[in-house]
Structures are given as structure tokens and as C-alpha cells.
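Taking it in order: structure first as C-alpha cells, then the write-up.
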Amino acid sequence: MTSHTRPVPYPEAARSLLRDTIVAAVDDLVRARGWSATTMSDVAAAAGVSRQTVYNEFGSRQNLVEAYVLREFEALIASVEAAVRASRVDARGAMHAAFGLFLKLASDEPLVQVIVADAEGGELIRLLTGLGRQVAIERIGRLIVEVWPQVCVADAQLLAESMARLAISHALLPTSDPEDTAADVTRMVGPFIDEILSP
Numbered sequence: 003m004t005s006h007t008r009p010v011p012y013p014e015a016a017r018s019l020l021r022d023t024i025v026a027a028v029d030d031l032v033r034a035r036g037w038s039a040t041t042m043s044d045v046a047a048a049a050g051v052s053r054q055t056v057y058n059e060f061g062s063r064q065n066l067v068e069a070y071v072l073r074e075f076e077a078l079i080a081s082v083e084a085a086v087r088a089s090r091v092d093a094r095g096a097m098h099a100a101f102g103l104f105l106k107l108a109s110d111e112p113l114v115q116v117i118v119a120d121a122e123g124g125e126l127i128r129l130l131t132g133l134g135r136q137v138a139i140e141r142i143g144r145l146i147v148e149v150w151p152q153v154c155v156a157d158a159q160l161l162a163e164s165m166a167r168l169a170i171s172h173a174l175l176p177t178s179d180p181e182d183t184a185a186d187v188t189r190m191v192g193p194f195i196d197e198i199l200s201p
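This note's numbering runs 2 ahead of the 1-based position in the sequence shown.
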């Protein structure tokens, strides 16, 4: 018997497309002028919808920028997760690869570039270091337990939080090449990785 995937109802698909279009418009505007200079009217015009439609979907400017930050950050985390899974046989190597990839991708990420260049009055940096960091901790913590089931949840969360804090800090205030930074961080957290993976 052939299995069929349940089609997404039209209203749900249409709303998802609308939200994606609006957030994509935010991305274009942030790249061009930064968030502080972007208004809801600007977003509506760029998305080809009314200002009221933007408010109906997101409720407020704050909710809209949170959706944007989450979308951009989750894309970075998805790449990190793939890097960890690809190197799962070598835990230190996996963390090294993931950390270096995150820093490299972040250096090309418009959201990070805007924060580094303008600080955006602190709004975007607060979201990235708060909301973004929490998403990273939760997803990387779950990933560690999934890939290395011998690691207890508490240790996985501790490693995830440490790596997330260091990654975001180095992304916003880079001091050297991503590969060199990844090597230094891996050298520092390596003994803990070895400890939590030991039989």
C-alpha cells in the first residue's frame, strides 16, 4: 500500500507563505538599512501587503523582530546540528567542526553584521544573546543526548550552554579566525567532553 502525506490545508499553507514573505521582507530591509530604521509600514510595502496585515499576523513590531531573529538563528543552528551528526564518531572533532562552522556562517549573516556594525540600540543584540542563546542551548542540548546517549541531560545542558555562550560571544566580538577560535575553544572544553563520554 502506498502511503500518502496528508496535504496541508490551504488556509494553513497560505498563512505560512504570508508569514514567510513578511519575514523575508524584514531580512531584505535589515540588510539594507538595519532594524532601527525599519518601520512596520516599510515591511508591509516590501512584502506587498497592508500594514494591518503585518499587525494581524505578528501583533507588534517586537513580535515581528523576534520571529526574524528566530528564523535566522535556527538556520544557523540547523547547520551546526548537521556538522555534529557528520562527525559523531569523534566528539571533540564534532564540537570543533560545529563551532568553527557557526562562526564562519555568523560572519556572513546579515543579522550578526548589523549588530556588530550598529549595535541597533541594543534591541537585536538582546534578542540574539537572550532568545537566540536559549534556542541554541535547548537544541544543542537535545542533540548531544541524541548523538551520544551515554551523556546525562545535566551534562549535555552544561556543555550546550557553555558552547552557546562562547559561540555567540565570539560571533559578536571576533578576535581571530573562526578556525583558530574553534581550535582554542575545543582545547578548553575538550577535557569535559572526554569526561562526560567516558564509560
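We put the CB at the ideal spot given by N, CA and C, even for glycine.
Computed from a predicted model, the values in this text were never measured in an experiment.
Assigned secondary structure, residue i (DSSP; H/G/I helix, E/B strand, else coil)
i, result
"SER89", "coil"
"MET3", "Only weak support exists for where MET3 lies, its pLDDT of 45 falling under 50; the value from the coordinates is given anyway. The answer is coil: DSSP assigns MET3 none of H, G, I, E or B."
"ASP29", "helix"
"GLU122", "In this prediction, GLU122 scores a pLDDT of 49, lower than 50, which makes its location untrustworthy; no coordinate-derived value is stated."
"GLY134", "helix"
"SER62", "coil"
"SER38", "coil"
"SER52", "coil"
"GLN115", "helix"
"LEU105", "helix"
"VAL45", "helix"
"GLN159", "helix"
Option in the options with minimal Cα separation from residue i
i, options, result
"ILE146", "ARG128, MET165, ARG135 and ILE170", "MET165"
"GLY95", "ALA173, LEU20 and VAL187", "VAL187"
"ALA172", "PRO13, THR131, GLU125 and LEU72", "Per the sequence shown, residue 172 should be read as His rather than Ala. Of the listed residues, the one whose Cα sits closest to HIS172 is THR131."
"ILE1", "ALA34, VAL82, ALA49 and LEU113", "For the chain, the structure presents residues 3 to 201; residue 1 sits outside this window and is missing."
"THR183", "ASP196, HIS98, CYS154 and GLN115", "HIS98"
"ASP22", "VAL149, ALA46 and GLY36", "ALA46"
"LEU72", "TYR12, LYS106, ARG128 and ASP196", "ARG128"
"GLU111", "TRP150, VAL191 and GLY36", "GLY36"
"VAL191", "LEU103, PRO151 and ALA93", "ALA93"
"ILE24", "GLU197, PRO13 and SER43", "SER43"
Classification of residue i by the beta-carbon crowding that lies within 10 angstroms, buried from 16 upward
i, result
"PRO180", "buried"
"GLU74", "buried"
"PHE194", "exposed"
"TYR70", "buried"
"ALA16", "exposed"
"LEU126", "buried"
"THR40", "buried"
"VAL10", "exposed"
"VAL2", "The displayed coordinates of the chain run from 3 to 201. Any statement about residue 2 would go beyond what the structure contains."
"GLY61", "exposed"
"LEU31", "buried"
"LEU175", "exposed"
"LEU105", "buried"
"LEU19", "exposed"
"ALA108", "buried"
"ALA77", "exposed"
"GLU122", "Note that GLU122 scores 49 on pLDDT, short of 50, meaning its location in the model is unreliable; the coordinates nonetheless yield the value given after this. By the 10 Å Cβ count, GLU122 comes out buried."
Distance cut-off 7 Å: residue i Cβ against heavy atoms of the ligand COA
i, result
"ARG63", "Only the bare structure without any ligand can be found here, which leaves the ligand COA out of the picture."
CB-CB length for residue i against residue j, believed under 8 Å
i, j, result
"ARG167", "ILE79", "With 8 Å as the limit, ARG167 and ILE79 do not qualify as a contact, their Cβ atoms being about 14 Å apart."
"ALA162", "GLY134", "Not a contact, Cβ separation roughly 13 Å."
"ALA49", "ALA27", "4 Å"
"VAL153", "LEU199", "7 Å"
*If you pair each beta-carbon of the segment 83 to 101 with each one of the segment 55 to 67, do three or more pairs fall below 8 Å?*
no
*asked:* For the pair the segment 46 to 59 and the segment 103 to 119, tell me if three or more CB-CB distances fall below 8 Å.
replied: no
_Pairs of beta-carbons, one from the segment 98 to 107 and one from the segment 150 to 159, closer than 8 Å: are there three or more?_
no
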